[in-house]
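For the protein sequence lines, the chains are A and B, in the order given.
Number 258 marks the last residue of the first sequence (our numbering); no jumps.
Number 516 marks the last residue of the second sequence (our numbering); no jumps.
All C-beta atoms in this analysis are idealised placements derived from N, C-alpha and C, irrespective of residue type, glycine included.
Only a predicted model underlies this, so the values are computations on that prediction, with no experimental measurement involved.
Working notes for the structure below.
Protein chains: 2
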Amino acid sequence: MIIHDNDKLILITNDDGLYAAGLKTLTGVMKEFGKVVVISATESRSAMSQALTVKQPLRVKLLEETDDLRMYACSGTPTDGVKLAVNQLLERKPDLLVSGINHGSNASASVLYSGTMAAALEGCLYGITSAGFSLNSYSPTADFSACEKYIRIICKMILSVPLPQGVCLNVNMPAIEASEIKGIRVARQARGCWQEEFEKRKDPMGKTYYWLTGRFINHEPESTDTDEWAMKNGYVSVVPVSTDMTAYDFLSELKTKF
Amino acid sequence: MIIHDNDKLILITNDDGLYAAGLKTLTGVMKEFGKVVVISATESRSAMSQALTVKQPLRVKLLEETDDLRMYACSGTPTDGVKLAVNQLLERKPDLLVSGINHGSNASASVLYSGTMAAALEGCLYGITSAGFSLNSYSPTADFSACEKYIRIICKMILSVPLPQGVCLNVNMPAIEASEIKGIRVARQARGCWQEEFEKRKDPMGKTYYWLTGRFINHEPESTDTDEWAMKNGYVSVVPVSTDMTAYDFLSELKTKF
């Protein structure tokens, strides 16, 4: 793959692994935009948040190279993969980083645990225009075709008008027919959390172990300006997400306490 | 350990493991505040961010129990540990969750990768008053004694005046003599990132591997209102951190794009 000066260079990653249907859909769309480099793990690395591999060395393998696509397998987390691509593998800084399409919603508090969104945040820290895409279905055989149109619209927008420094997009798409999607809705992160989170079991030796499980609770189901509301009501939700986690609203009050 | 109605219940965790000096110092101080439950891994789980263990079951072991302290070893990440404690192990919701004292700074963008701060954010999602403490020294034999005074001041404050919903504290302490610390400074997260992040090596079979390494670059060293500035200038930095990552400043502009 030769990257010419006027080519857009697109970096793609995900946390469901190289063989995930969502990655295939995203790669297909991104080929329309420029030269594509994919880096991901061979197995899924879900709920890795922005974790880094610090105790193990990392391995990378070039799996495939054509005129418009290069594909790497990486042994680490989604964030490791972005760091390796930007620092060691790419000829230059990419014009766009896209992550996903995740099998499952990353709306509300899920943004904090999401490997998909962590990769977008990592791109953001490097000053790369970045977005994470997720479909509200955990099924490995989910139909991602309705997503394509919205990925095109959103990527065109962020390639033409740069996002502010330190801001990337968290895009969550409802798992419904293309004809039923009402459009794009810019939203804020809903307040919510997970409940009933463990299944307690006994192993064959009689010892206790726990499986993480649970269900998401939206703490403000009545609010119509959130990502959860948008997705539940047939819209593609777009939340601008900041790498700056400072609670600015509380800063001046906190200053009076010390 | 019997927890009476008027006892404060304090949950402690960290990402440097149960035998870390920073955890020992924090546990010592927190015993002054109430009944203490510690949950952590036997080995360090640094840079785990808010990762969850979803592909493996989790194990928990009660290691020690006295009148004022209970200590659990947990096989998972810091966030898994908080979830397990709150959902399965504790008699009731704790009055306070403290995490640390981390061996190394979690100022600026490090908050995004930090297991220490992820545990505090997890507490926050459960509505528990939470704070993460870090010392700006990676040494396993660092002297944490100067931290004690500031942990007392900060915990007294947040136990008497509740933090807003979804906000916890990221406290970073300079690794200097107690007498040299100038006091507490409320700050915002500095803009910055890591550079020169990999060492490329060959294994004995001649194959390439990478070790994550690098150094932190403060993108705004001249700003005097950041956590990096405070810590570098002899202050204990306190940043209010939000679980809501929405970039509110950009929300209305983004709405005009679609």
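query                                                                                                                                                                                          : result
Report yes if the CB atom of E197 (chain A) is closer than 8 Å to the CB atom of N345 (chain B), and no otherwise.                                                                             : yes
What does N394 (chain B) touch in chain A if you count any residue whose Cβ is under 9 Å from its own?                                                                                         : Those do not exist, as N394 (chain B) stays about 18 Å from chain A at its closest Cβ, beyond 9 Å.
Are the beta-carbon atoms belonging to L427 (chain B) and V496 (chain B) less than 8 Å from one another?                                                                                       : yes
Any chance the region 462 to 474 of chain B sits against the region 501 to 516 of chain B, with 3 or more Cβ pairs inside 8 Å?                                                                 : no
Which full runs of the alpha helix (DSSP H) of 4+ residues lie inside the region 50 to 84 of chain A, going along the chain?                                                                   : 78 to 84
K407 (chain B): which of B:T283, B:L276 and B:I261 sits nearest, CA to CA?                                                                                                                     : B:T283
Is DSSP giving V287 (chain B) helix, strand or coil here?                                                                                                                                      : helix
Hey, out of B:G292, B:V287 and B:D274, whose CA is closest to N264 (chain B)'s CA?                                                                                                             : B:G292
Where do the ends of the alpha helix (DSSP H) carrying A131 (chain A) lie?                                                                                                                     : Where A131 (chain A) is concerned, there is no enclosing alpha helix (DSSP H), although the beta strand (DSSP E) it sits in stretches over S130 to L135.
Less than 8 Å between the beta carbons of Y384 (chain B) and S307 (chain B), yes or no?                                                                                                        : no
So, does the region 172 to 183 of chain A touch the region 200 to 209 of chain A, judging by three or more C-beta pairs under 8 Å?                                                             : no
Output the distance between the C-alpha atoms of T27 (chain A) and D273 (chain B), rounded to the nearest integer angstrom.                                                                    : 36 Å
Do the region 142 to 160 of chain A and the region 76 to 91 of chain A meet, that is, are 3 or more Cβ pairs less than 8 Å apart?                                                              : no
Quick check: the Cα distance between R59 (chain A) and K460 (chain B), rounded to an integer number of angstroms?                                                                              : 11 Å
Counting contacts by CB-CB distance shorter than 8 Å, is S500 (chain B) in contact with chain A?                                                                                               : yes
Identify the continuous alpha helix (DSSP H) that holds R410 (chain B) and give its terminal residues.                                                                                         : C405 to S418
How many angstroms separate the CA atom of Q351 (chain B) from the CA atom of I3 (chain A)?                                                                                                    : What sits at residue 351 (chain B) in the sequence shown is Lys, not Gln. Cα to Cα, K351 (chain B) sits roughly 56 Å from I3 (chain A).
With K513 (chain B) as the anchor, note down where its alpha helix (DSSP H) starts and where it stops.                                                                                         : Y506 to K513
Within the chosen definition, does the region 446 to 455 of chain B reach the region 507 to 514 of chain B through at least 3 CB pairs nearer than 8 Å?                                        : no
Using a C-beta cutoff of 8 Å, does S307 (chain B) count as contacting chain A?                                                                                                                 : yes
Do you know how far the Cα of V295 (chain B) is from the Cα of L327 (chain B)?                                                                                                                 : 6 Å
For chain B, is any of its Cβ atoms less than 8 Å away from the one on W229 (chain A)?                                                                                                         : no
Should L269 (chain B) and L348 (chain B) be called a contact, given that it needs their Cβ atoms to be closer than 8 Å?                                                                        : yes
Output the distance between the C-alpha atoms of E177 (chain A) and P479 (chain B), rounded to the nearest integer angstrom.                                                                   : 50 Å
Helix, strand or coil: how does DSSP classify Y468 (chain B) here?                                                                                                                             : strand
Rounded to a whole number of angstroms, what is the C-alpha to C-alpha distance between S403 (chain B) and M288 (chain B)?                                                                     : 14 Å
Please work out which residues of its chain come closer than 6 Å, Cβ to Cβ, to L23 (chain A), disregarding the five sequence neighbours upstream and downstream, and give them in chain order. : N14
Counting only Cβ pairs nearer than 9 Å, list the residues of chain B close to F198 (chain A).                                                                                                  : L316, K341, L342, N345 and Q346
So that I know if they touch, is there some Cβ in chain B lying closer than 8 Å to that of Y209 (chain A)?                                                                                     : yes
Among the candidates A:D249, A:G115, A:T53 and A:K61, whose CA atom is the shortest distance from the CA of V425 (chain B)?                                                                    : A:D249
Can you confirm whether R449 (chain B), when its beta carbon is compared against all beta carbons of chain A, has any partner nearer than 8 Å?                                                 : yes
Could you pull the start and end residues of the beta strand (DSSP E) that T271 (chain B) belongs to?                                                                                          : L267 to T271
Could you tell me which chain A residues have their CB closer than 8 Å to the CB of F402 (chain B), listed as they occur along the chain?                                                      : Those do not exist, as F402 (chain B) stays about 20 Å from chain A at its closest Cβ, beyond 8 Å.
Quick one: which chain B residues come within Cβ less than 8 Å of I176 (chain A)?                                                                                                              : Simply none; closest approach about 19 Å.
With a threshold of 6 Å on Cβ separation, who are the neighbours of G390 (chain B) within its own chain once the five nearest residues in sequence on each side are excluded?                  : S357, G358, T374, M375, A378 and N428
Which one of B:D325, B:A365 and B:I297 has the shortest CA to CA distance from G334 (chain B)?                                                                                                 : B:I297
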